[in-house]
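**Q** Mapping of the sequence shown onto our numbering: residues 212 to 292, in sequence order.
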Amino acid sequence: MMVKEKEVIAEKDLVIRREILDEANLGKRIRLIIQEGEIHILPKPPFDAQRALEELAGCLGHEPATAYDFHLKIGSLYEAR
212 MMVKEKEVIA
222 EKDLVIRREI
232 LDEANLGKRI
242 RLIIQEGEIH
252 ILPKPPFDAQ
262 RALEELAGCL
272 GHEPATAYDF
282 HLKIGSLYEA
292 R
């Protein structure tokens, strides 16, 4: 991969063109890490539903659903707000 350095003067909003993001192979979904004095632009990893389910698998244990109070207001038979 070729490293480039580009100096810009940001008098107003700074916009990074799609071509630059494509050249960096960042894809369309990105995340910004903002720290004092620096901003990192990283690709957002794809959401892995199976991994999320595996992480949550042990959270609820064997308690019945009635053991949880989600503070929902029931408006009718099929409505929770």
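Even for Gly, the Cβ is constructed at its ideal location relative to N, Cα and C.
1. Relative to the C-alpha of His251, which residue among Leu237, Ile220, Pro257 is closest?
2. Looking at Ile241 and Pro254, is the spacing between their C-beta atoms short of 8 Å?
3. Which class does Ile241 belong to by DSSP, given the choice of helix, strand or coil?
4. Provide the residue(s) that pair with His251 in DSSP beta bridges, ordered along the chain.
**A** Taking the structure as given:
1. Of the candidates Leu237, Ile220, Pro257, the residue whose Cα lies closest to the Cα of His251 is Leu237.
2. Yes; because the gap between Cβ atoms is below 8 Å, this pair is in contact.
3. Ile241: strand per DSSP, three-state reduction.
4. Note: His251 sits in a beta bridge opposite Ile244.
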